[in-house]
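The block underneath contains the structure these notes are about, expressed in structure tokens.
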Ligand SMILES: Cc1ncc(C[n+]2csc(CCOP(=O)(O)OP(=O)(O)O)c2C)c(N)n1
Ligand code: SF4
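Numbering (our numbering), first residue to last: 398 to 731.
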């Protein structure tokens, strides 16, 4: 290939740079924060004509330290419990004014699975045209890693400690997607930061619908999960390849698509990457029982959603081994 002079290649690089990033660099998230990456990807796909309502939590805190803001869109901080209600109100106002601006609601798992759930259920029941995105880092991270309804079984948090009598969280991760899909809204999906193209296409699909839509994005937290920040994407891919976090799409409560696992990984490969599961690696009967239990949860998900469907059934479909990588710079908005 002919080599371009420096000025021409710089121009080319500039042309390839994003026209719209939504969440700007320079915010205060920890290095390797899955949620920061996920929010950037969602906004790149959504484009500039949006209003964001953001619940209390890490995303809101690290992006809006007064007097600075990392947001390139209109953005409002709601209470922990009422993001969906605030977003519903904005959407009703946009509709009354005949505006096409789309409304996004952002919250963590604490603000979605637990504290903001009643407002979310009301929004879905009234079918407001809002895309609600839950950044699922599986604990209340902003206040120092307390367990939420989304924390997986066996995981250490400050309120599900590990000691001689307690062995991390005793309860299952809440099956939020099933509860959400019982509202029979037009579109619901799960996604992972390890598959950015998949996440972006789900955002576009959701915004193409009239009515309420919901995306649950698995978002590793190096601080709360106890892993090196450079491993966030790799670890999230393992969550998918083990079957612990299945990637799927639902239309009015019915599963319409799954991301097939091409090469299944044992759950031990996932849990050995994170300190929150360190006690499960001990050589003891109880630790073995817990490992078996987590493996059974993965196998159940694989069976329930038919995740081992071979890609040869539909070669155009993304699968867990596909070349779907995070690139810097974002998408172009023509
Ligand atoms: C009603 C209410 N209870 C508790 C708090 C304190 N609080 C602020 S952020 C936060 C944790 C947020 O957790 P999550 O929604 O999972 O988001 P993350 O920080 O993990 O991204 C808590 C408990 C609050 N602001 N309001
Ligand atoms: S504590 Fe976790 S979720 Fe919060 S900014 Fe740090 S990495 Fe992100």
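Think of the CB as a built atom: it goes at the ideal place given N, C-alpha and C, for glycine as much as any other residue.
Backbone secondary structure at residue i - three-state DSSP
i: residue 382; result: The question about residue 382 has no answer, for the chain in this structure spans 398 to 731.
i: residue 644; result: coil
i: residue 525; result: coil
i: residue 448; result: strand
i: residue 812; result: Residue 812 falls outside the range modelled here, since the chain spans only 398 to 731, and no answer is possible.
i: residue 637; result: helix
i: residue 677; result: helix
i: residue 406; result: helix
i: residue 622; result: helix
i: residue 706; result: coil
i: residue 728; result: Residue confidence is low: residue 728 scores 48 on pLDDT, short of 50, so the model does not pin down where it sits. Its coordinate-derived value is still stated next. Residue 728: coil per DSSP, three-state reduction.
i: residue 440; result: helix
i: residue 533; result: strand
i: residue 557; result: strand
i: residue 517; result: helix
i: residue 671; result: coil
i: residue 581; result: coil
i: residue 701; result: helix
i: residue 544; result: coil
i: residue 401; result: coil
i: residue 627; result: helix
Status (buried if at least 16 other CB within 10 Å, exposed otherwise) for residue i
i: residue 625; result: exposed
i: residue 528; result: buried
i: residue 672; result: exposed
i: residue 432; result: buried
i: residue 727; result: Note that residue 727 scores a pLDDT of 48, beneath 50, so its modelled location is shaky; the value from the coordinates is reported in the next line. Buried.
i: residue 705; result: exposed
i: residue 651; result: exposed
i: residue 731; result: Below a pLDDT of 50, predicted positions are generally treated as unreliable, and residue 731, at 38, falls in that range; the measurement from the model is reported next regardless. By the neighbour-count rule (16 or more Cβ atoms within 10 Å), residue 731 is not buried but exposed.
i: residue 569; result: exposed
i: residue 577; result: buried
i: residue 634; result: buried
i: residue 653; result: exposed
Host alpha helix (DSSP H) of residue i (start-end)
i: residue 553; result: Looking at the DSSP string, residue 553 is not in any alpha helix (DSSP H), and its letter there is neither H nor E.
i: residue 587; result: From DSSP, residue 587 is part of no alpha helix (DSSP H) but of the beta strand (DSSP E) over 584 to 589.
i: residue 600; result: 593 to 604
i: residue 480; result: 480 to 493
i: residue 666; result: 664 to 668
i: residue 420; result: Premise fails: residue 420 is in no alpha helix (DSSP H) and is neither H nor E.
i: residue 460; result: 455 to 460
8 Å contact criterion, which residue i and residue j should meet: CB distance rounded
i: residue 587; j: residue 657; result: That pair is no contact at about 14 Å.
i: residue 452; j: residue 513; result: 6 Å
i: residue 436; j: residue 409; result: Not confirmed; about 28 Å, so no contact.
Extent of the continuous beta strand (DSSP E) to which residue i belongs
i: residue 654; result: 651 to 655
i: residue 349; result: This structure cannot settle anything about residue 349, because the visible part of the chain is limited to 398 through 731.
i: residue 503; result: 499 to 505
Any non-hydrogen atom of ligand 3 closer than 7 Å to residue i Cβ
i: residue 503; result: Ligands present in the displayed structure are limited to ligand 1 and ligand 2, and ligand 3 is not among them.
### Query
Below 8 Å, can you find three or more Cβ-Cβ pairs linking the stretch 458 to 467 to the stretch 478 to 494?
Judged by pairs of C-beta atoms under 8 Å, the stretch 458 to 467 does not touch the stretch 478 to 494, as fewer than three such pairs exist.
### Message
Counting beta carbon pairs with one atom in the stretch 630 to 640 and one in the stretch 597 to 612, are three or more of them shorter than 8 Å?
### Response
Result no; under three Cβ-Cβ pairs closer than 8 Å.
### Task
Please confirm if the stretch 596 to 607 is in contact with the stretch 560 to 572, defined as three or more CB-CB distances below 8 Å between the two stretches.
No: the two stretches stay apart, fewer than three of their Cβ pairs being nearer than 8 Å.
### Query
Would you call the stretch 418 to 425 and the stretch 497 to 512 in contact, with 3 or more CB pairs under 8 Å?
Note that the stretch 418 to 425 does not touch the stretch 497 to 512; fewer than 3 beta-carbon pairs, one per stretch, sit closer than 8 Å.
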